[in-house]
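**Student:** Numbering (this note's numbering), first residue to last: 2 to 252. Supplied in structure tokens, the structure appears directly below.
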């Protein structure tokens, strides 16, 4: 002071580190599998007072470990927020990718042993596709549109890395080039593409043939369908048969 007297005091400042959130490693799981999120490796120089897990704005849990069920196919991002005993917070994120599970076997298969339950049929001059000797058979369809049969239920090709359409077909001889044909088409999501067409002096040999079509250009189509059309050119006796239609996908 002004006469030279002194005194002293002290204050202690303790600096606490903020917590470190650890949401765990990213995960890839099959559809239908429960997922555990584990934030127990989060740390603090004091203690962790609370945990909160969110997906977007939705709170999914408030403990170090939580279990999630029935996740939809796709990528999910979860944010873990930890708060320590001094009120400091930290966040970390983890991604969970859910992969669609593809059941074994073909995506579509029909050998016509049970009729046309899987197809919608159109007619021409009162004629349409019918069953003959266990296969789909058409004749006398001589209007411009012919007779077609289209898959009733669409197939989702988006989960696959490759897909193939297989079928057996027979085209009786087209006598004169008056427009008779057997045609296979694929729905591309907005319209129809011709995969193959057989007609006069082109596959009309009255023999069974195994046909296979690469569907790689349709892998982005979620509502894929097949349409098969027969049109008689001019003469009775022209006909077509189709059997063992199958769509196979691979991941």
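Heads up, the beta-carbon is just placed ideally off N, CA and C, and yes, glycines get one too.
1. So the beta strand (DSSP E) residue 195 belongs to, where does it begin and stop?
2. Between the region 203-221 and the region 111-126, do three or more beta carbon pairs fall short of 8 Å?
3. Helix or strand or just coil, what does DSSP make of residue 219?
4. Taking 6 Å as the limit between beta carbons, can you name the residues of its chain near residue 125, skipping five residues before and five after?
5. For residue 201, which residues in the same chain have their Cβ closer than 6 Å to its Cβ, ignoring the five residues on either side in sequence?
6. Just the C-alpha distance for residue 52 and residue 97, rounded to the nearest angstrom, thanks.
7. By DSSP, does residue 61 sit in helix, in strand, or in coil?
8. Leaving out the 5 sequence neighbours to the left and right, which residues in its chain are closer than 6 Å to residue 92 when beta-carbon positions are compared?
9. Check whether the Cβ of residue 148 lies closer than 8 Å to any Cβ atom in chain D.
10. With DSSP run on the structure shown, which of helix, strand or coil describes residue 121?
11. Alpha carbons only, please: which of 181, 157 and 71 is nearest the one belonging to residue 189?
**Tutor:** This is what the structure gives:
1. Counting from 1 along the chain shown, the entry for residue 195 is found at position 194. For residue 195, the enclosing beta strand (DSSP E) covers residues 193-200.
2. Cβ pair count under 8 Å is below three, so no.
3. Mapped onto the chain shown, residue 219 falls at position 218. Helix at residue 219.
4. Taking the chain shown and counting its residues from 1, the one referred to as residue 125 is at position 124. Closer than 6 Å at the Cβ level, and outside the excluded window around residue 125, lie 142, 144, 147 and 148.
5. Taking the chain shown and counting its residues from 1, the one referred to as residue 201 is at position 200. 175 and 178, listed in sequence order.
6. Residue mapping note: residue 52 aligns to position 51 of the chain shown, counting from 1. Residue mapping note: residue 97 aligns to position 96 of the chain shown, counting from 1. If you take the alpha carbons of residue 52 and residue 97, they lie about 19 Å apart.
7. In the chain shown, counting from the first residue as 1, residue 61 sits at position 60. Strand at residue 61.
8. Sequence index remark: in the chain shown, residue 92 carries index 91 (1-based). The beta carbon of residue 92 sits closer than 6 Å to those of 22, 80 and 82, all from its chain and outside the five residues before and after it, given in chain order.
9. Of the chains in the structure shown, none is chain D; there is only one protein chain.
10. The residue labelled residue 121 in the question sits at position 120 within the chain shown. Correct three-state label for residue 121: strand.
11. The residue labelled residue 189 in the question sits at position 188 within the chain shown. Nearest C-alpha to residue 189: 157.
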